[in-house]
Amino acid sequence: MAEILYFGRLSDVTGTFCEQVSLPASVSDTSAVRSWLDQENALDGALLEASVRLAVNGEIVTDPYPVTDGDEIAFLPPVGGG
Amino acid sequence: MIRISDQPFDAAEALSEFTARATGAGAVVSFTGLVRDQASSSKVETLHLQAYSPMTETGIAEARKAAHERWPLIDSHIIHRTGDMSPGDAIVFVATASAHRRAAFEAADFLMDYLKTEAIFWKKETTASGTQWIEPRAEDYKDRARWTRS
Chain A
1 MAEILYFGRL
11 SDVTGTFCEQ
21 VSLPASVSDT
31 SAVRSWLDQE
41 NALDGALLEA
51 SVRLAVNGEI
61 VTDPYPVTDG
71 DEIAFLPPVG
81 GG
Chain B
1 MIRISDQPFD
11 AAEALSEFTA
21 RATGAGAVVS
31 FTGLVRDQAS
41 SSKVETLHLQ
51 AYSPMTETGI
61 AEARKAAHER
71 WPLIDSHIIH
81 RTGDMSPGDA
91 IVFVATASAH
101 RRAAFEAADF
111 LMDYLKTEAI
121 FWKKETTASG
131 TQWIEPRAED
141 YKDRARWTRS
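If you read the sequences in order, they're chains A and B.
Heads up, the first sequence is in full-length UniProt numbering, so the first residue is 1 and it goes up one at a time.
Heads up, the second sequence is in full-length UniProt numbering, so the first residue is 1 and it goes up one at a time.
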């Protein structure tokens, strides 16, 4: 199972902060993860936005980055503290 | 030192401890950011800060290292809140110490620009009209871009 985390506004959009999913065989990189979860959750492109970055196992990656079951995959909308 | 915590902190106390530790410094600069009481349209009730550990800490540590490489700092200290805060609460504290003032001023400014636009945090504001996630403003990105070296 892969662990999917939705930060910031994306947890409101998806209705969850964290979910365990079994990645289908066809979903082997971050671009495919975006499209698959966006479609599964009927999000109308919220996970496809260029401003939403992905982190795999705690590292921000550039699409398409390989993923496998067991990875922690986090969706990060624009960040900022202060 | 870097501290990310959901516990309130006293900025005056943090500054006094930092100054006491900054042996040999001729300049200490500090910045404290407070939760504003006014959003664009209504009064802020609470501000919620979310982080993603340990990415948040790692990123801040890298920014701090970059500041120490760029300016001759004796020390620096960053405190950032997470969790729920009320207007007037301290949300962020940055202090820098150096032999002369310019390095301390610039490094504190640099670190704050990093924290505002690149540190891994998400902010949610609650007002009487509901909740809203706050993202950096165009000005924040412009401020951050000042530090890019060509």
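The C-beta atom is built at its ideal place from N, Cα and C for all residues, glycine as well.
Sequence-ordered contacts of the segment 49-64 of chain A with chain B read Ala55 and Gly58 [C-beta pairs closer than 7 angstroms]. B/Glu135 carries a coil assignment under DSSP once its states are collapsed to helix, strand and coil. Around the Cβ of B/Ala20, a 10 Å sphere holds fewer than 16 other Cβ atoms; the residue is exposed. With contacts defined by Cβ atoms closer than 8 angstroms, A/Asp44 and A/Leu54 do not form a contacting pair.
Taking A/Ala25 as reference, the option from A/Asp69, A/Gly80 and A/Phe75 with the minimal CA-CA separation is A/Asp69. With respect to the 8 angstroms criterion, A/Val52 and A/Phe17 are not classified as neighbours on the basis of their beta carbons. Inside the segment 45-104 of chain B, DSSP marks whole alpha helix (DSSP H) runs of 4 or more residues at positions 55-70, from first to last along the chain. Under the 8 angstroms Cβ criterion, the segment 121-130 of chain B counts as touching the segment 42-51 of chain B, having at least three qualifying pairs.
Taking a C-beta distance under 8 angstroms as the contact criterion, B/Ala90 and B/Phe31 do not qualify as a contact pair. Listed in chain order, the positions of the segment 14-48 of chain A with a beta carbon within less than 8 angstroms of a beta carbon of chain B would be empty, since no residue qualifies. Looking at the backbone, the Cα of A/Val61 and that of B/Ser16 are separated by about 40 angstroms.
Leaving aside the five residues that flank B/Ala103 on each side, the residues in its chain whose CB is nearer than 7 angstroms to its CB run, in chain order, Trp71, Pro72 and Leu73. B/Asp6 is positioned such that its CB atom lies no closer than 8 angstroms to that of B/Gly88. Taking the Cα positions, A/Leu48 is about 7 angstroms away from A/Asp38. For B/Val29, the enclosing beta strand (DSSP E) has its first and last residue at Ala27 to Leu34. Per DSSP, the unbroken beta strand (DSSP E) holding B/Trp122 starts and ends at Phe121 to Thr127.
Rounded to whole angstroms, A/Ala42 and A/Leu5 show a C-alpha spacing of 17 angstroms. Around A/Val79, the beta-carbon contacts reaching into chain B at under 7 angstroms are Glu118, Ala119, Ile120, Phe121 and Trp122. Contact annotation for A/Phe7 against chain B: Gln50, Tyr52 and Trp122 [CB-CB distance below 8 angstroms, chain order].
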